[in-house]
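Taking my numbering, the leading residue of the sequence shown gets 100, the next gets one more, and so forth.
Backbone N, C-alpha and C define an ideal beta-carbon position, used for all residues, glycine too.
Note that the structure is predicted; figures quoted are calculated from it, not measured.
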Amino acid sequence: MTAFGSVFMPEMAAARFNGTSWSPAEIVSGERIELHPGAHVLQYASTCFEGLKAFKHADGSVKIFRMDRNVARLAQSTELLGMPAIDKPAVTQMILDIVGRFASQVPEPPGSMYIRPSHIGTEAAIGKAAASTATSLLYVMLSPVGDYFAGNDKTLRLLLDDEGMRCAPHMGTVKCGGNYASALLAIQRAKATVQADQVLFCPGGDVQETGAANFLLIDGNEVITKALDQSFLHGVTRDSILTLARDMGFDVQERELSVDELLERATKPGCEAALSGTAAVLAPVGTLLYNGHEYSVGDGLAGKTTKRFRQALNDIQWGRAEDTHGWLTAVEVKA
Ligand SMILES: *Cc1c(COP(=O)(O)O)cnc(C)c1O
């Protein structure tokens, strides 16, 4: 079995900003790009990315899930990093073109085609430590992925960290490598010291998110997650799950959740917790680690509501349930 995201299609869509305008998009080799060693991205981390998926339906059609949200978020990350503004319709077309080109390679359910648009600063100017890159490259890679869970519903162990932060507070809504780099050491330490899978960042006792996923607490009919603010990444999966939960009649609460309330609720029988993100949709959390103590979430196993939410979202993505919110975009298949 290959690791998630380690297989790529041989070509990608690419467009360059030359300081004045964007070039027309091209299909280029997906194997390598050429960069000056002094490129702004390599020196000053002018880079952001997106992650979304295309799905193969039983009738052979290929559909992309909530592409408008991901393109809008790439535009926002780009803006917050001071990079050359992207052309949203052009990027949308690049995604459609490259997925259409490799439509025959989109795996059948439970697999999918993971789409990775990336935007990097290319100007060779090491003097621009405090200035934006004048030029940039935007490319869209594709990576076929299998079933994230592959039949097992192993639950995650999360270390609650109320001292550190995932990233600087003003960078929370930027989907960028710098934020991942900023969280990495804390995650590595948590893996080595308490065999945690992830760190749940709770700055000042406020339950926020992990390095790459949003956090949801499911307590009976209540679904509780942090309200949108500038400190964390606004997940498309988070929004989709909350929307479906509301449709099903759950009491969805977007509000502050403290570590104290989390531990008090989580340890009650029947309580569930989950991480949301494009890769896994919803991954069940079985254990919380805090101040040297281990707390089981409910009975520590994958929760039934977690599975129900994940199934409801997968059913829409795979075309097995009606797309009542208009989340899917059809791809024109290029032979
Ligand atoms: C990408 C990401 C998520 C999940 O977002 P989705 O749109 O649901 O995939 C959550 N947190 C962080 C920090 C992320 O980078």
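Item	Value
Length of the line joining the Cα atoms of Leu315 and Ala373	5 Å
Check whether Ser303 and Asp261 have beta carbons under 9 Å apart	Before going further, note that residue 303 is Gly rather than Ser in the sequence given. Yes. Within cutoff.
beta-carbon Gly334 near ligand 1 non-hydrogen atom, thresh 8 Å	yes
According to DSSP, residues forming a beta bridge with Lys152	Tyr213
Where Gln287 sits in the DSSP three-state scheme	helix
Boundaries (first-last residue) of the alpha helix (DSSP H) holding His139	His139 to Tyr143
Asp260, DSSP secondary structure in three states	strand
Phe408 Cβ short of 8 Å to ligand 1 heavy atom set	no
Buried or exposed (CB count within 10 angstroms, at least 16 for buried), Lys403	exposed
Residues sharing a beta bridge with Val322, DSSP	Ile317 and Val351
Alpha carbon of Val335 to alpha carbon of Gly137, nearest angstrom	34 Å
Contact the segment 225 to 243 vs the segment 138 to 152: 3+ CB pairs below 8 Å	yes
Selected residue, minimal CA-CA separation from Ile286, among His269, Met264 and Cys275	Met264
DSSP three-state assignment for Leu180, whether helix, strand or coil	coil
heavy atom of ligand 1 below 8 Å from Lys433 C-beta	no
Tyr213 and Ala382 closer than 9 Å at C-beta	no
Three-state class that DSSP yields for Val293 in the structure shown	helix
Backbone CA spacing between Ala189 and Ile415 [nearest angstrom]	26 Å
Leu332 versus Glu308, Ile317, Ala114 and Gln352, residue with shortest Cα-Cα distance	Glu308
Supposed close pair Gly320, Asp350 - CB separation, criterion 8 Å	A small fix is needed here, since residue 320 is Asn in this sequence, not Gly. About 5 Å separates the two Cβ atoms, so the contact holds.
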